Amino acid sequence: MRSGGSSVTAEANRRILRLPPVGDRSSGGDVPEAGPRPLRADARRNRERLLDAAVRAFSQRGAEVTLEAIARDAGVGIGTLYRHFPTREALVEAAYRNELAKLCDSAAALLDELPPAEATRAWMDHFVDYLATKREMADALRLVIAAGSNPFAQSRDRLVAALASLLGTGAAAGTIRPDVDPADLLVGLSGVSLAAGGREQRDQARRLLDLLMDGLRHRPPV
1 MRSGGSSVTA EANRRILRLP PVGDRSSGGD VPEAGPRPLR ADARRNRERL LDAAVRAFSQ
61 RGAEVTLEAI ARDAGVGIGT LYRHFPTREA LVEAAYRNEL AKLCDSAAAL LDELPPAEAT
121 RAWMDHFVDY LATKREMADA LRLVIAAGSN PFAQSRDRLV AALASLLGTG AAAGTIRPDV
181 DPADLLVGLS GVSLAAGGRE QRDQARRLLD LLMDGLRHRP PV
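Numbering (the UniProt record's numbering) for the sequence shown: 1 to 222.
If you want it as structure tokens, here you go:
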């Protein structure tokens with residue numbers, strides 16, 4: 001019995017600390033379900049507040065923080081929490097996926113506001129923050145994996161797509177090398193996050209990201 005529990009824990013650790021291979025379709029958790037009714041504006045705001053409160057709680061207080069505390073922090077009742085998220089695992093998974101979605105969606109928003117090279121460099125900072133949050137939520141994410149779900153399904157594909165949009169726009173503008181593979185850049189960013197991804201290591205992470213960005217810049221032939 002104990003060996004079975006150990007294998008589940010090992011698999012959970014592997015999934016949390018490693019991005020899945022490109023094209024992973026192991027869970028289908030990101031496949032949209034047909035026919036959900038759109039939420040009213042107030043319900044949508046409540047859901048967003050709950051997700052933000054859940055990320056803070058699971059990151060700072062661990063997997064066993066009470067759902068009542070999360071609801072209180074979000075400014076809603078516990079009944080509202082359960083209407084959106086019937087289980088702790090459902091809340092953890094939704095909170096993680098929301099962080100991923102915000103990171104991926106930020107690529108387009110940054111390109112609207114900044115030149116492509118600056119947008120790419122700013123996105124790198126967001127990525128380091130995202131992986132730091134993922135590590136801080138590790139205990140909570142293990143609960144989701146132990147329950148049989150894969151919160152990371154297709155996450156790598158979505159991250160590569162976000163990077164591809166940044167790199168492609170930069171290449172078209174002539175400021176980023178056109179030969180950069182977004183999957184290779186994702187590996188490099190993950191390496192920076194593993195080496196200097198702690199909240200207290202932000203200065204070092206910024207220096208490493210600056211070096212990485214310098215290698216992406218297009219330079220005319222000498």
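Where is the CB? At the ideal position from N, CA and C, for every residue including glycine.
Keep in mind it's a predicted model, so treat the numbers as computed, not measured.
Close-in-space but distant-in-sequence residues of the same chain around residue i (CB under 6 angstroms, 5 per side omitted)
i: A164; result: P182
i: G28; result: Because the pLDDT at G28 is just 40, under 50, the model does not fix this residue reliably, and the value given afterwards should be weighed accordingly. Hits under 6 angstroms: none found.
i: A41; result: none
i: D139; result: G62 and A63
i: I70; result: A53, A54 and A57
i: R2; result: Only weak support exists for where R2 lies, its pLDDT of 41 falling under 50; the coordinates are left without a value.
Contacts around residue i, its chain only, beta-carbon distance under 8 angstroms, and the 5 residues preceding and following it disregarded
i: E113; result: A119
i: L167; result: T120, I176, V180, P182, L185 and L216
i: G35; result: Any answer about G35 is weak, because its pLDDT of 49 lies below 50 and its placement is not dependable; what the coordinates show is given next. Answer for G35: no residue qualifies.
From the options, residue whose alpha carbon lies closest to that of residue i
i: E136; options: A94, R44 and G62; result: G62
i: P220; options: T175, D203, G198 and V180; result: T175
i: A172; options: E200, A146 and P115; result: P115
i: G188; options: D129, A153, Q154 and M124; result: M124
i: E89; options: F58, E48 and A161; result: F58
i: R45; options: A69, H84 and E68; result: H84
i: G198; options: A43, L167 and K134; result: K134
i: D52; options: T66, D73 and A43; result: D73
i: Y82; options: S193, L50 and L208; result: L50
i: V160; options: A146, L212, L100 and R142; result: L100
i: L141; options: P178, A95, Y130 and I70; result: A95
i: A147; options: L209, A43 and T87; result: T87
Alpha-carbon to alpha-carbon, residue j and residue i
i: H218; j: A117; result: 10 angstroms
i: D157; j: D214; result: 25 angstroms
i: S190; j: V128; result: 8 angstroms
i: D184; j: A109; result: 23 angstroms
i: R47; j: V65; result: 18 angstroms
i: R206; j: L111; result: 20 angstroms
i: E33; j: A153; result: Residue placement at E33 is poorly supported in this model, since its pLDDT is 46, which falls under 50; the coordinates are not used for a value here.
i: E200; j: A132; result: 11 angstroms
i: L211; j: V192; result: 10 angstroms
i: residue 244; j: Y130; result: Because the chain here runs from 1 to 222, residue 244 falls outside it and cannot be looked at.
i: I78; j: Q60; result: 20 angstroms
i: A122; j: E68; result: 35 angstroms
i: T80; j: L209; result: 41 angstroms
i: P178; j: G75; result: 47 angstroms
i: R202; j: A43; result: 36 angstroms
i: L91; j: L194; result: 26 angstroms
i: residue 223; j: S155; result: For residue 223 there is no data in the structure shown, the boundaries of the chain being 1 and 222.
Close beta carbons around residue i, own chain, < 7 angstroms, minus the five adjacent residues each side
i: E93; result: V144, S149 and P151
i: H126; result: L103 and S106
i: R97; result: P151
i: Q204; result: A196
Quick one: which unbroken alpha helix (DSSP H) runs of 4-plus residues sit fully inside the region 31–106? Chain order, please. 41–61, 67–74 and 78–84
Which complete beta strand (DSSP E) runs does the region 121–188 hold, if anything under 3 residues is left out? none
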